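To start, the structure under review is shown below, and the notes come after it.
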Amino acid sequence: MTQFAIVRHGVTDWNVEGRMQGHRNIPLNEEGYRQAARIAERLRQEHWDAIVFSDLQRAAQTAKCIADASGIECRIADSRLRERNFGQLEGTTLKERDAIWGSELKLPDHGVEGDEQLQARAIDCMEELAGQYKGLKIVIVTHGGWIRQFIKGVFPGEMHEHPNNTSLSIVSRKTEEWLTLLYNCTSHLTIE
475 MTQFAIVRHG VTDWNVEGRM QGHRNIPLNE EGYRQAARIA ERLRQEHWDA IVFSDLQRAA
535 QTAKCIADAS GIECRIADSR LRERNFGQLE GTTLKERDAI WGSELKLPDH GVEGDEQLQA
595 RAIDCMEELA GQYKGLKIVI VTHGGWIRQF IKGVFPGEMH EHPNNTSLSI VSRKTEEWLT
655 LLYNCTSHLT IE
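Heads up: the sequence shown at position 99 corresponds to 573 in my numbering, and the numbers run straight through without jumps.
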């Protein structure tokens, strides 16, 4: 059985502003680093073999915080763990999108990666990682949209709320079956 601790990156200024980040390389803000330290402390209390992370800055910074605090080895930055590509919508707030596109915002011509594309990318990535790291416990540091689509794909009808920053979800791959053990847990953020 391969087990995965799936962590959403820490908060950024663009998260706070409600800007779509997508593939943009946005760094963690101070609060994001604090959140990363909290999830690192939580993960340090258990044995994990390695960290695989999105190659985008906010996820890489979160992964480095976890590695530095816990001693878990950062193995690889994997572009398949990137957030959804939001195309022309990246960098904009809802108010800005409404001002620019108005009623045309929902038209499918803004270069946004669809749910099915993102879901297939996420599932393919996790299937490959489950085979590559068979029998190990791996931390995955990725993005909210990616996590949500992976969960929707392997657990249809369950837990589809958007994951919070530095939330922890734990899934395992046993033979041909995915099992969920935890979803969107942020208890580490409330501990003083």
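Glycine is no exception: its CB is placed at the ideal position from the N, C-alpha and C atoms.
The model shown is predicted, which means the values in this text are computed figures rather than measured ones.
To which residues of the same chain is Val628 closer than 7 Å at the C-beta, ignoring the five residues directly before and after it? Residues of the same chain with a CB within less than 7 Å of the CB of Val628, apart from the 5 flanking positions on each side, are Ile597 and Trp652 in chain order.
Put Leu530 into one of helix, strand or coil per three-state DSSP. Three-state DSSP puts Leu530 in coil, outside helix and strand.
Looking at the C-beta of Asn559, does it have a partner C-beta in chain B at a distance below 7 Å? Annotation note: the requested chain B is absent from the structure, which comprises a single protein chain.
Does the structure place the segment 515-530 close enough to the segment 563-571 that three or more beta carbon pairs sit under 8 Å? Note that the segment 563-571 does not touch the segment 515-530; fewer than 3 beta-carbon pairs, one per stretch, sit closer than 8 Å.
Rounded to whole angstroms, how far is the Cβ of Thr536 from the Cβ of Gly619, which I believe are closer than 8 Å? The beta carbons of Thr536 and Gly619 sit about 16 Å from each other, so the pair does not count as a contact at 8 Å.
Give a yes or no on contact between the segment 480-494 and the segment 633-646, applying the rule of three or more CB pairs nearer than 8 Å. Verdict: yes, contact present.
What would DSSP say about Val628, mapped onto helix, strand or coil? Helix at Val628.
For Gly506, count neighbouring Cβ atoms within 10 angstroms of its own Cβ and tell me buried if that reaches 16, exposed if not. Taking a 10 Å sphere around the C-beta of Gly506, we find 16 or more other C-beta atoms and assign the residue as buried.
Between which two residues does the alpha helix (DSSP H) harbouring Lys580 extend? For Lys580, there is no enclosing alpha helix (DSSP H), as DSSP marks it with neither H nor E.
Give the straight-line distance between the Cα atoms of Cys539 and Arg512, rounded to the nearest whole angstrom. For Cys539 and Arg512, the distance between alpha carbons rounds to 10 Å.
Spatial neighbours of Lys648 within its chain, please: C-beta separation below 7 Å, excluding the five flanking residues on both sides. Around Lys648: Met475.
In or out: Asn489 buried (at least 16 other Cβ within 10 Å) or exposed? By the neighbour-count definition (other C-beta atoms within 10 Å, threshold 16), Asn489 is a buried residue.
Of the residues His497, Glu578, Ser577 and Ser528, the one placed nearest Glu554, counting alpha carbons only: One detail in the question is off: residue 554 reads as Arg in this sequence, not Glu. Residue Ser528 is the option with its Cα nearest to Arg554.
Could you please give the first and the last residue of the uninterrupted beta strand (DSSP E) stretch that includes Trp488? Here Trp488 belongs to no beta strand (DSSP E); instead the alpha helix (DSSP H) covers Asp487 to Glu491.
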